[in-house]
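To start, the structure itself, in structure tokens.
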Amino acid sequence: MGGGGGGGGGQMQQVAQEIEQMEQEVDAIDEEIERLREKQSDIDEAIEAIETLDSGSTVQVPLGGDAYIRATIEDIDEVVVSLGGGYSAEREQDGAVDTLETKKETLDDHISELQEEKAEVETEMEELEQQAQQMQQQQMQQMMQQQEQEDE
Numbered sequence: 093m094g095g096g097g098g099g100g101g102g103q104m105q106q107v108a109q110e111i112e113q114m115e116q117e118v119d120a121i122d123e124e125i126e127r128l129r130e131k132q133s134d135i136d137e138a139i140e141a142i143e144t145l146d147s148g149s150t151v152q153v154p155l156g157g158d159a160y161i162r163a164t165i166e167d168i169d170e171v172v173v174s175l176g177g178g179y180s181a182e183r184e185q186d187g188a189v190d191t192l193e194t195k196k197e198t199l200d201d202h203i204s205e206l207q208e209e210k211a212e213v214e215t216e217m218e219e220l221e222q223q224a225q226q227m228q229q230q231q232m233q234q235m236m237q238q239q240e241q242e243d244e
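Just so we're on the same page, our numbering is the position in the sequence shown counted from 1, plus 92.
Structure follows, in structure tokens:
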């Protein structure tokens, strides 16, 4: 009977490793969701700027490395918007906002997919945790039965 208990321990270890992998997967999904939400926040800021700025407004333009330069907007109807895949297009003010809103919706869809994936992983994880608890209880019962047999 002792050999059976050892096999259970190996199975227990395997379940524990699977649970740990799933926890890492959930963490990775959470990080990706957070990254996408930051992108959405950046898009919101861009939309707000496009809607509130006028030609002739002075803005700070990032140069990279946390360096900025003041610039004057010549024409707010000449907004260059990234379309993805390395492509950009010049849009007038409303068209730029529409393009950015579409990008935000795409991010929303991706976030929803990730949340569904996370829920599936969490459900699997809960099932494995229940399985691990049952295995633990069985091991305890076997140990108690062995103890009782040894005591007799």
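Quick reminder that beta carbons are idealized off the backbone N, C-alpha and C, glycines included.
Residue i - containing alpha helix (DSSP H), residue span
{"i": "I168", "result": "Premise fails: I168 is in no alpha helix (DSSP H) and is neither H nor E."}
Check whether residue i and residue j have beta carbons under 8 Å apart
{"i": "G148", "j": "I165", "result": "yes"}
{"i": "M217", "j": "I111", "result": "yes"}
{"i": "V171", "j": "I125", "result": "no"}
{"i": "E193", "j": "D169", "result": "no"}
Three-state secondary structure assigned by DSSP to residue i
{"i": "E184", "result": "coil"}
{"i": "L145", "result": "coil"}
{"i": "G102", "result": "helix"}
{"i": "T159", "result": "Just to set this straight, residue 159 is Ala in the shown sequence, not Thr. Strand at A159."}
{"i": "V173", "result": "strand"}
Nearest candidate by alpha-carbon position, reference residue i, set the options
{"i": "K195", "options": "Q106, Q225, V173", "result": "V173"}
{"i": "A163", "options": "Q152, D169, V171, G157", "result": "Q152"}
{"i": "Q207", "options": "E123, Q234, E170", "result": "E123"}
{"i": "K131", "options": "H202, V118, V107", "result": "H202"}
{"i": "L128", "options": "Q105, E221, E197, M236", "result": "E197"}
{"i": "E115", "options": "Q103, L220, L145", "result": "L220"}
{"i": "Y160", "options": "T150, Q109, Q222, D169", "result": "T150"}
{"i": "D146", "options": "D167, D158, G156, L155", "result": "D167"}
{"i": "T215", "options": "E240, Q233, E117", "result": "E117"}
{"i": "A108", "options": "M236, L199, M235, Q225", "result": "Q225"}
CB contact check: residue i to chain C, cutoff 8 Å
{"i": "D169", "result": "The question asks about chain C, but that chain is absent: this structure has only one protein chain."}
First through last residue of the beta strand (DSSP E) which encompasses residue i
{"i": "G177", "result": "Careful: G177 lies outside any beta strand (DSSP E) and carries neither H nor E."}
{"i": "G156", "result": "150-156"}
Check: residue i C-beta below 7 Å from any heavy atom of the ligand NAD
{"i": "Q241", "result": "This structure simply doesn't include the ligand NAD, nor any ligand for that matter."}
Task: Meets three-Cβ-pair contact criterion under 8 Å: the segment 177-194 and the segment 224-237 - done: With a cut-off of 8 Å on Cβ pairs, the segment 177-194 is not in contact with the segment 224-237, counting fewer than three such pairs.
TODO: Flag this pair as touching only if the segment 136-152 and the segment 204-217 have three or more C-beta atom pairs under 8 Å; answer yes or no.
DONE: Counting C-beta pairs with one atom in each stretch, the segment 136-152 and the segment 204-217 have fewer than three that are closer than 8 Å, which means they do not touch.
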